[in-house]
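J.:
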Amino acid sequence: MIKVLVAGACGRMGREVVRAVSADQELTLVAAVDACEVGKDAGELAGVGVAGVKISDDLESAIADAGPDVMIDFTHAKAAKSNVLKGLRRGVHAVVGTTGLSETDLKEIEREALSAGTNVFIAPNFAIGAVLMMRLAEMAAQYLPAVEIIELHHDKKADAPSGTALLTAKKLASIVVRREEQTKKIALEGSRGGDFEGIHVHSIRLPGLVAHQEVIFGGTGQTLTIRHDSIDRSSFMPGVLMAAKAVVGLRGLTVGLENIL
Ligand code: NAD
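Residue numbers 24 to 284, in my numbering, belong to the letters of the sequence shown in order.
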């Protein structure tokens, strides 16, 4: 049995993770950390009945008391970095779904992982369909190099653009050639979205959405749209559980679900 600590256990993703870990035969929930709902039972909060694990707001004590093998973090970027570094120093491997970590954060996390001899797995998107969307987009970009990205998320999302959109843009930027922007007159600032090395990224935030992305390619007299929809947060759980089992055997920092599929 792999002993799991969930950080951000009261959040939308954290509660989903508590449900998924509780139902898994190879994982056992031993600790749950969050800044809110402290003292409440993590299983009851997640709607799966009493788990016997109370929410704590003290990560270090939770690690010392429960001795987890793996921490699964779905919090906010600043919190995630500090949580992971604390865990690594105490011999706890980390699976991170939290988005918004910078390249500098990743480098610091990797250094700590290598020096502590504990491992970190990070994926901006744990849904298999999203990984396939990026892979198919990389294929399409070789033939249709004019591309823009639209990502659509629920209105409570803290960061923009999404980690998935940034990762997609990064992958595509190394394939497509930067086009000269023909739209010179911008009547409303931001109309053309963000610009990642020449690839425009547009973020939509609306209630009712979960996590969606379109990669739109334009060619002569045609367009190709590759779209992925996470219509429920359960879409991320097979990837999260797979990572929690794989991270023990991965050295240092690994980024991207495609590395363990
Ligand atoms: P949320 O706001 O519902 O939950 C975040 C939780 O973290 C909250 O309960 C908050 O109290 C808690 N928290 C904040 N600081 C903390 C700390 N220092 N220690 C412990 N807990 C702390 O957010 P959410 O919708 O669950 O999303 C969480 C993260 O997961 C976001 O970064 C989001 O972008 C990301 N996300 C990733 C994927 C993926 O596949 N990788 C999928 C969906 C969401």
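Backbone N, C-alpha and C fix where the C-beta goes; we use that ideal spot for every residue, glycine too.
Any contact between the segment 181–195 and the segment 262–275? By contact I mean 3 or more CB pairs, one from each, below 8 angstroms.
T.: no
J.: Can you tell me which of Ile172, Leu195, Lys194 puts its alpha carbon nearest to the alpha carbon of Pro184?
T.: Ile172
J.: Under a three-way DSSP split, which group does Ser253 fall into?
T.: Three-state DSSP puts Ser253 in a strand.
J.: Whose C-alpha, out of Glu67, Val154, Arg42, Ser125, is nearest the C-alpha of Ser253?
T.: Val154
J.: Quick test of your reading: Ala146 and Ala55, contact by CB under 8 angstroms. State the CB separation rounded to the nearest angstrom.
T.: Not a contact, Cβ separation roughly 21 angstroms.
J.: With distances taken Cα to Cα, identify the nearest neighbour of Ala163 among Gly114, Phe144, Ile198.
T.: Residue Ile198 is the option with its Cα nearest to Ala163.
J.: Consult DSSP for Gly241 and reduce its assignment to one of helix, strand or coil.
T.: strand
J.: Mind reading off the beta-carbon distance from Met94 to Leu28? Whole number of angstroms is fine, and I expect it under 8 angstroms.
T.: About 5 angstroms separates the beta carbons of Met94 and Leu28, which is inside the 8 angstroms limit, making them a contact pair.
J.: At which residues does the beta strand (DSSP E) containing Asp128 begin and terminate?
T.: Careful: Asp128 lies outside any beta strand (DSSP E), inside the alpha helix (DSSP H) at 126–139.
J.: Between the alpha carbons of Leu50 and Val71, how many angstroms are there, rounded?
T.: 15 angstroms
J.: Whole angstroms is fine: what's the gap from Val44's alpha carbon to Leu247's?
T.: 38 angstroms
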